[in-house]
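Asker:
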Amino acid sequence: MAEPKKHETAGREMDQFLYAVSHDLQEPLRKVCTFGERLAAKLAGRLDSAAGDDLARMLGAARRGQSMIEGLLVLSRIETGGGPFTQVDLNTTIAGVLDNLRDAADACGAEVEVGPLPAVRADASQMALLFAALLDNALKFRSPAIRPRIRVAADCGGGAAGCRIVVADNGIGIEPHHAERIFTVFQRLHPRDVYPGLGLGLAIARRIARRHGGEIAVESAPDQGSCFVVTLPAAD
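Heads up: the sequence shown at position 221 corresponds to 239 in the numbering used here, and the numbers run straight through without jumps.
Structure (structure tokens):
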């Protein structure tokens, strides 16, 4: 068997394993949350502060576990559960994503500039998921000192390189040596209480880009913002 075929088979097997494990873990965690919430309601006002804190932490951990499992299910189904490739207008995709993120953008006064974007041959729902992850990341890791500014632009000069979609921000940035780490599942560079999240969004975005024969990379520096570049094959 050729080496690429081995990797493809191993990747499918890993996705199937992730899906099976994540699916089987859902029910136990759901029960922990359900019975924990019932216990909290039943004992409301009767627990001392330490016991109440322990119960709250238990419920918080169980809910995070549920969110992590849901994320793993999404990740595991990118290849096996994806939809068909059709002509996708990225202008429409980005408009829909921004509409969903409107409350978060308005809350921090973010200014979002979107240039003309191309059509690509892609899974429409996965394109929305990819750009939702990038735009949510830009909003989340904004600098507290300045107004958030996000720019979405395209460079489709033709040739073998395909289309480059840039999502750039003026946020807190990262050290250049973390440029690959942030695309790894469950990798976080900041404490959860400072920047909430699971560390899954960018991993999902990269997996989607690669399913489409593309890639995602980032250029960044601390306090200098981040520039994510999504490369996708041009539409036929």
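Note that the Cβ used here is the ideal one computed from N, Cα and C, for glycine as well. In this text, all values refer to a predicted model and were calculated from it rather than measured experimentally.
1) Using alpha carbons as the reference points, say which of E233, H196, M86 and A223 lies closest to A239.
2) Could you give the first and the last residue of the continuous alpha helix (DSSP H) run that contains D72?
3) From S94 to V203, what distance separates their C-alpha atoms?
4) Are there three or more Cβ pairs, one per stretch, closer than 8 Å when the segment 103-122 is compared with the segment 85-93?
5) Leaving out the 5 sequence neighbours to the left and right, which residues in its chain are closer than 8 Å to A252 when beta-carbon positions are compared?
6) Can you pull the DSSP bridge partners for A235?
7) Could you tell me how far apart the beta carbons of L73 and L65 are, in whole angstroms, since I believe they sit closer than 8 Å?
8) Contact check, V132 vs V106 under 8 Å by CB: the rounded distance?
9) Spatial neighbours of V130 within its chain, please: CB distance less than 7 Å, with the 5 preceding and 5 following residues excluded, ordered by chain position.
10) Within 10 Å of its beta-carbon, does N118 have 16 or more other beta-carbons around it, so buried, or fewer, so exposed?
11) Just to confirm my understanding: we take E193, look at its own chain, exclude 5 residues before and 5 after, and list those with CB closer than 7 Å. What are they?
12) Here's the rule I'm using: 16 or more other beta-carbon atoms within 10 Å means buried, otherwise exposed. How should L147 be labelled?
13) Between which two residues does the beta strand (DSSP E) containing V132 stretch?
14) Taking just the CA atoms, how far does G217 sit from A140?
15) Cβ of I190 within 9 Å of Cβ of L220?
16) Chain B beta carbons: is any one of them nearer than 9 Å to that of I192?
17) Pick from E198, G231, V185 and F159: whose alpha carbon is nearest that of V247?
18) Output the distance between the C-alpha atoms of V236 and C245, rounded to the nearest integer angstrom.
19) Taking 7 Å as the limit between beta carbons, can you name the residues of its chain near R225, skipping five residues before and five after?
20) Could you pull out every residue in the same chain whose Cβ sits closer than 7 Å to the Cβ of V50, ignoring the five residues on either side in sequence?
Answerer: In brief:
1) On the sequence shown, position 221 is the one that residue 239 refers to. Cα-wise, what sits closest to A239 is H196.
2) If you number the sequence shown from 1, residue 72 lands on position 54. It spans S67 to T98 - the alpha helix (DSSP H) in which D72 sits, taken as one unbroken run.
3) Translated into the one-based positions of the sequence shown, residue 94 becomes position 76. Translated into the one-based positions of the sequence shown, residue 203 becomes position 185. One C-alpha to the other measures close to 12 Å.
4) no
5) Mapped onto the sequence shown, residue 252 falls at position 234. Once the five neighbours on either side are set aside, the close Cβ partners of A252 are P136, V138, C174, G176, G180 and C181.
6) Here residue 235 refers to the residue found at position 217 when the sequence shown is read from its first residue. Within the DSSP secondary-structure output, A235 pairs in a beta bridge with V247.
7) Here residue 73 refers to the residue found at position 55 of the sequence shown. Here residue 65 refers to the residue found at position 47 of the sequence shown. The Cβ separation is near 7 Å, so the contact holds.
8) Against the sequence shown, residue 132 aligns to sequence position 114. Against the sequence shown, residue 106 aligns to sequence position 88. With 8 Å as the limit, V132 and V106 do not qualify as a contact, their Cβ atoms being about 16 Å apart.
9) Within the sequence shown, the letter at position 112 stands for residue 130. If we look at V130 and ignore the five residues flanking it on each side, its Cβ neighbours are L116, A123 and I168.
10) The count along the sequence shown starts at 1 and reaches residue 118 at position 100. N118 is exposed by the Cβ-count criterion.
11) On the sequence shown, residue 193 is found 175 positions in, with the first residue counted as 1. Closer than 7 Å at Cβ, skipping near neighbours: P240.
12) As a first step, residue 147 must be located in the sequence shown, where it is residue number 129. Classification for L147: buried.
13) Reading the sequence shown from its first residue, position 114 is the one you call residue 132. Counting along the chain, V132 sits inside the beta strand (DSSP E) bounded by residues E129 to V132.
14) For this step, residue 140 is matched to residue 122 along the sequence shown. For this step, residue 217 is matched to residue 199 along the sequence shown. Each residue's Cα considered, the two are about 25 Å apart.
15) On the sequence shown, position 172 is the one that residue 190 refers to. On the sequence shown, position 202 is the one that residue 220 refers to. No, the pair does not count as a contact, with Cβ atoms beyond the cut-off.
16) Checking the listed chains, one finds no chain B in this structure; it contains a single protein chain.
17) Here residue 247 refers to the residue found at position 229 of the sequence shown. Minimum Cα-Cα distance from V247 among the listed residues E198, G231, V185 and F159 corresponds to V185.
18) By 1-based counting over the sequence shown, the position of residue 236 is 218. By 1-based counting over the sequence shown, the position of residue 245 is 227. V236 and C245: Cα-Cα distance of roughly 6 Å.
19) For the purposes of this step, residue 225 is taken as residue 207 along the sequence shown, with counting starting at 1. Same-chain partners within the cutoff: L93 and I96.
20) The residue you call residue 50 lines up with position 32 of the sequence shown. Counting only Cβ-Cβ distances below 7 Å, and skipping sequence neighbours, we find A80.
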